[in-house]
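Novice: I'd like to ask you about the structure that follows.
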Amino acid sequence: MRKPPGRRIELSSSQARDFSCSSVACDLAPYFGSMRSGRRCSMAVLERCGVDFEAGCRRKFPRKSRLNLPGIGESSQDGGMPPQPTPSFPENLVADRAPLPEKSPQVASAAVDSLPITVLMNAGSGSNDKADARAAIASAIGESDRELEILTARRPRDLPDLARRAAARRPCILAAAGGDGTLNAIAQVAWELRLPLGVIPLGTFNYGARNLGIPQDPAGAARVLVEGRPRQMAAGFVNGRIFLNNASFGLYRRLIEDRESHKQRFGRNRLVALLSGVATLLYRHHLYRLDLEIDGQPVALSTPSVFFGRNALQLEQLGLDEALCVAQGELAILALRDIGRLKMLGLVVRGALGQLANATDLQQSCARRVEVKHLGERRRRIRVALDGEVERCSLPLVVEAVPDALLMMLPGEAEKER
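Everything in the sequence shown is counted per the numbering used here, starting at 15 for the first residue and increasing by one.
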């Protein structure tokens, strides 16, 4: 697969040594550096993406899709989709795009530090002791004399209503205490009601919290709610339903469902999640013949799975160049070729090693808006995984990245995401 064009980074030894993320004069810095993980910037990712250090980290490659699967321009064997011309992707593909819908926070940033805090806890998230977490949260916030309310939902589906009832009593900071699914549920309510959002990671993976630089211990995360700074954050949406990490349908969605089933049977830990994923990949997979529009350009695509990413850290760990696109407010689009089980397992291994950038069996692209019009079959509804939670959505699926969708409480040194 051809890499995006761009000038090679050439730094002196002193420049390379001093190239920490806090010194990069652009908003991409938080995604590749010491603020989040205590590491130096991922120079390999920046170099592959054509970032020029001396130009202030501005992207040097054109906004082109690289989706060019064999299915493009071909008619479906089952008659599900008419022939489509192979699309061309001009350099100024997104220059004339209509603005995306936005919502402004109900509470001004300056007033956030006086708001009460409502912590919504998912009793089923992760394997942490919820009583200990509750005590740590209460102790950390209690030191600030801020009004605190901690509510626990026994079932994940009760979280949105619990949050809405709390917000109806008075404006507050809604803090999600749980995993990525819990954060997704509370983020939806915060977006609808235009209230500030916080996160206390208590789940298995906590990709959302890690991407934002939130401390992984309950007390440290709780202190961010009172000592941190509110920042505007972008988010992804599928038919108006929010996601912060990723949305997917097909094979990856099935992997999420199977993983949740296996966790309920064998326990919530990463080993169970890994073995569950391997088992799912060995099954026979359904092939979708999709009719898409990517930033207004028609694309025909045959694939068992489509993944839309909005978490730069998650993509960087897989070794994907699209982490840079996400850092600039776009969606990463990953589509899997129709491949066999052995090649599928090979992709899993490459992903675990962070080496997916040049995987020829994985098609990659970036966009602000994608519309899935047809699946190549009669169905008009499809199950979509949003941050690990599965929803039934109607076609067409409209997937988009919306800037400044949320006002989030972040550590004081965090930068605003575009």
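All C-beta atoms in this analysis are idealised placements derived from N, C-alpha and C, irrespective of residue type, glycine included.
Sorted by chain position, which residues of the same chain lie with C-beta nearer than 7 angstroms to ASP194's C-beta, five sequence neighbours on each side aside?
Specialist: Same-chain partners within the cutoff: GLY217, PHE219, ASN220, TYR221, GLY222, ASN259, ASP401 and GLY402.
Novice: Quick one: what does DSSP say GLY310 is sitting in, helix, strand or coil?
Specialist: Three-state DSSP puts GLY310 in coil, outside helix and strand.
Novice: Less than 8 angstroms between the C-beta atoms of ALA381 and ASP309, yes or no?
Specialist: Against a cut-off of 8 angstroms, the Cβ pair of ASP309 and ALA381 comes out as a contact.
Novice: Report the option in ALA191, ARG169, ASP172 and LYS144 whose CA atom is closest to the CA atom of ILE131.
Specialist: ILE131 has its Cα closest to that of ALA191, out of ALA191, ARG169, ASP172 and LYS144.
Novice: Just confirm the distance between the C-beta atoms of VAL404 and ARG397, as a whole number of angstroms; I'd bet it's less than 8 angstroms.
Specialist: Sure, about 5 angstroms apart at Cβ, within 8 angstroms.
Novice: Alpha carbon to alpha carbon, how far is VAL240 from GLY264? Give it in angstroms, no decimals.
Specialist: Their backbone Cα atoms lie some 41 angstroms apart in a straight line.
Novice: Drop a sphere of 10 angstroms on the beta-carbon of ASP159, count the other beta-carbons inside from all chains shown, and report buried for 16 or more, exposed for fewer.
Specialist: ASP159 comes out exposed.
Novice: Helix, strand or coil: how does DSSP classify ARG395 here?
Specialist: Correct three-state label for ARG395: strand.
Novice: Under 8 angstroms between the Cβ atoms of LEU129 and ARG245?
Specialist: Cβ atoms of LEU129 and ARG245: not closer than 8 angstroms.
Novice: With 16 other CB atoms within 10 Å as the buried threshold, where does GLU414 fall?
Specialist: Buried.
Novice: Please name the residue in ALA167, MET135, ARG208 and PRO185 whose C-alpha comes closest to that of ASP437.
Specialist: It is not possible to answer for residue 437, since the shown part of the chain is limited to 15 through 432.
Novice: For GLN378, tell me which candidate among LEU348, PHE321, ALA371 and LYS357 has the shortest Cα-Cα distance.
Specialist: The option with the nearest alpha carbon to GLN378 is LEU348.
Novice: Using the beta-carbon count (16 or more within 10 Å), is GLY250 buried or exposed?
Specialist: With 16 or more Cβ atoms within 10 Å of its Cβ, GLY250 is classed as buried.
Novice: Could you tell me the alpha carbon to alpha carbon distance between ARG392 and LEU197, rounded to whole angstroms?
Specialist: Distance between the alpha carbons of ARG392 and LEU197: 34 angstroms.
Novice: Go ahead and label ASP175 buried or exposed: buried means 16 or more other beta carbons lie within 10 angstroms of its beta carbon, across all protein chains shown.
Specialist: Exposed, since its Cβ has fewer than 16 Cβ neighbours within 10 Å.
Novice: In the DSSP assignment, what residue or residues form a beta bridge with ARG245?
Specialist: ARG245 is bridged to MET422.
Novice: Enumerate in chain order the residues of its own chain whose CB-to-CB distance from LYS144 is below 8 angstroms, with the five nearest sequence positions on each side excluded.
Specialist: These residues qualify, in order along the chain: MET135, ALA137, THR166 and LEU216.
Novice: Going straight from the alpha carbon of ARG364 to that of LEU332, what length do you get?
Specialist: So the alpha carbons of these two residues sit roughly 8 angstroms apart.
Novice: Would you call SER316 buried or exposed, if buried means 16 or more other Cβ atoms sit within 10 Å of its Cβ?
Specialist: With 16 or more other Cβ atoms within 10 Å, it is buried.
Novice: Quick one: is ASN325 buried, meaning 16 or more other Cβ sit within 10 Å of its Cβ, or exposed?
Specialist: With 16 or more Cβ atoms within 10 Å of its Cβ, ASN325 is classed as buried.
Novice: Please say whether TYR302 and PRO4 have beta carbons closer to each other than 8 angstroms?
Specialist: With the chain represented from 15 up to 432, any question about residue 4 goes unanswered, as that position is not in the structure.
Novice: Keeping to the same chain, check which residues put their C-beta closer than 8 angstroms to that of ASP231; ignore five residues upstream and five downstream.
Specialist: ALA150, listed in sequence order.
Novice: Below 6 angstroms CB to CB, which residues in the same chain sit around ILE256 once its five sequence neighbours on both sides are set aside?
Specialist: So the qualifying residues of the chain are ALA201, GLN202, TRP205 and ALA249.
Novice: Which residues does DSSP list as the beta-bridge partners of ASN259?
Specialist: None, per the DSSP bridge assignment.
Novice: So, for ARG237: in the same chain, excluding its five sequence neighbours on each side, which residues have a beta-carbon less than 7 angstroms away from its beta-carbon?
Specialist: These residues qualify, in order along the chain: ALA154.
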